Structures are given as structure tokens and as C-alpha cells.
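Heads up: take any position in the sequence shown, counting from 1, add 14, and you land on this note's numbering.
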Amino acid sequence: MLVPDGSRITVYPSSCYLIEHGAKVTAHYNTNISPLYDLIEAFGSASVRAVHADLTNESSVFHMFSQHEGQPDFGPVQIVVINHGIWPTADEPIAVMSLDRWNHTINTNLTSSFLVAREYLKQLSLAPEELRAKANIVFIGSTAGKYGEAGHADYAATKSAMMYGLTLSLKNEIVKIAPKGRVNCIAPGWVKTPMAEETLRDTAFVQRALATTPLKKVAEARDIANQIALISSPTLSGHVSGQVLMVDGGMEGRLLNVPSDF
Numbered sequence: 015m016l017v018p019d020g021s022r023i024t025v026y027p028s029s030c031y032l033i034e035h036g037a038k039v040t041a042h043y044n045t046n047i048s049p050l051y052d053l054i055e056a057f058g059s060a061s062v063r064a065v066h067a068d069l070t071n072e073s074s075v076f077h078m079f080s081q082h083e084g085q086p087d088f089g090p091v092q093i094v095v096i097n098h099g100i101w102p103t104a105d106e107p108i109a110v111m112s113l114d115r116w117n118h119t120i121n122t123n124l125t126s127s128f129l130v131a132r133e134y135l136k137q138l139s140l141a142p143e144e145l146r147a148k149a150n151i152v153f154i155g156s157t158a159g160k161y162g163e164a165g166h167a168d169y170a171a172t173k174s175a176m177m178y179g180l181t182l183s184l185k186n187e188i189v190k191i192a193p194k195g196r197v198n199c200i201a202p203g204w205v206k207t208p209m210a211e212e213t214l215r216d217t218a219f220v221q222r223a224l225a226t227t228p229l230k231k232v233a234e235a236r237d238i239a240n241q242i243a244l245i246s247s248p249t250l251s252g253h254v255s256g257q258v259l260m261v262d263g264g265m266e267g268r269l270l271n272v273p274s275d276f
């Protein structure tokens, strides 16, 4: 199992769960390996290993996958959770958004996901038939991909592309390589993560964000991790493919207007 940005809090618990149930996890990092030390210490180098890569760089992604050669315990990769990405904190409507910001978000979130998915499918095509049976891509989307997000159209566009363009296309492509291969997407709303910490300190913002959410709470990382583990399992989800699983507390959309707007 390969987990890009493997130290991210939304996937860390699912990595732990899958390791506990026999998976061998390769956790990717870009600039900082230290958050992965706890995972390696907890489970040992026989169950988890860390690899470095710049996921926006084609040759770096190739090298990340090629590191599995000669290490049968960790490759070929059977499951990949495409989890990495950025959410620029500044609210910038399209009318004032710089091309640099747009390109940076698209490259970091979407182009990198294409590169990872492409290299995964290439190496899968060379894997022994018995290892293809559990072939599985899990994208991590967002409510922004379903409902949009004013001021963050760059981020929303990348998530929509993963949730609908890539998930629905690759579910039909993967079976040409691995007949039982599956592609799905987990799409959270707001989650208590370091990336969202600053934004979630704003009580008024949180109230607006949850105004259309029946459960009236921000998700914990474990809520997302549990669904990743579920959808990754060929035993529990072997007949599930091409699905976008919204893990958003029942969210029905955005609260666009408040009384003062009328």
C-alpha cells in the first residue's frame, strides 16, 4: 500500500489499521520525514517504510515506485491512497487570483495525482496476476469538489477533477489491467487537521460552515481514516467501484447569504 503524504492526520489512522491487519505500508513524504517516525517506531521497518518524492516531478514519481523493485514485501504496490494536496488559506476570487497561485494549486493537487495514478497503473500492468486482485486506487476529494468554494476555485477545481473526471474514468481503465481493480473517492467536509486549524478557530466561520450540516460537527481524522480503510478492503468493498463517498455529516451545500445580505 502506498500513501502519498503518509503523515497526514486523515490517513495516519487508516495506515495503522491496515498495518494491524497485515498490510505493508509505504508512506511518502516531500520535505519532512519526522512525522513518520512514530509510525515506523510503532510498527517497525518490516511493516512500514518511508520514501521521498516530489510528486509534481515526473522522474521523482517514477523513482518513488521504482524503489519497490527488489523489495517484495513492499511491492508491487496493490493499493494507493492519493491523499496529498494543498488548500491555500487566502480567499482569492477568480477575478483577482494570480496565474501563479492557480498553476501551483493545479500542479500540486491534480497534476501530481495524475502522475501517481499513471505510474501506479504502469507498474500494476507488470505485476504478477495474483497481486492484481487487490488493485485499488482511493482518491481523497472534498465537499469543495461537489459544491464549489468561493475564494478557492483553484482547490475546488482540483477536487472536482479527482472526484468525477479521474475516479469515473479510471474505474473503467483499471479493469483492463486488473479485472478486479477498483477506483473510488472519499470526499470529506471540514476535518480537524493542522491544515484547517487556523480557519477552524473562527467560531463564526464554523457556524456558517455547519449551517447546512445535520450532524453540526466538524469531522475528526478518524472519521475519514475509517472510510479509507473500509473502501480499501477487497473483502468489505470488493464490489464497490466508481463511487464518491461523501464523509461530510450530511452536508447539503453552502450557506451563501445571511440576514444582513438582504
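All residues carry an ideal CB built from backbone N, CA and C; glycine is no exception.
Remember, it's a predicted structure, so these values are computed and weren't measured experimentally.
Around the CB of Asn198, 16 or more other CB atoms lie within 10 Å, so the residue is classed as buried.
Residue Leu269 holds the alpha-carbon nearest to the alpha-carbon of Ala225 among Leu269, Leu244, Glu55.
Within its own chain, the residues whose Cβ lies closer than 7 Å to the Cβ of Val75, once the five positions on either side in sequence are excluded, are Ala67, Leu69, Leu129, Val130, Glu133, listed in chain order.
In the DSSP annotation of this structure, the continuous segment of the alpha helix (DSSP H) that includes His77 starts and ends at 72-80.
Annotation: the continuous beta strand (DSSP E) that includes Asn198 extends over 196-202. Collapsing the DSSP output to three states places Thr119 in a helix. Below 8 Å, enough C-beta pairs join the region 193-209 and the region 245-256 to call them touching: three or more. Per DSSP, the unbroken beta strand (DSSP E) holding Leu259 starts and ends at 258-261. Pro18 counts as buried, since at least 16 other C-beta atoms from the protein chains shown sit within 10 angstroms of its C-beta.
Tyr169 sits away from Pro107, with the two beta carbons spaced by 8 Å or more.
Comparing C-alpha distances from Tyr51 to each of Leu145, Ala60, Ala243, Ala64 shows the shortest one belongs to Ala64. Its Cα nearest to that of Ser127, the residue Gly179 stands out among Met111, Trp204, Gly179, Ser139. Selection Gly256, Met111, His98 evaluated against Ile188 yields Gly256 as nearest (Cα-Cα).
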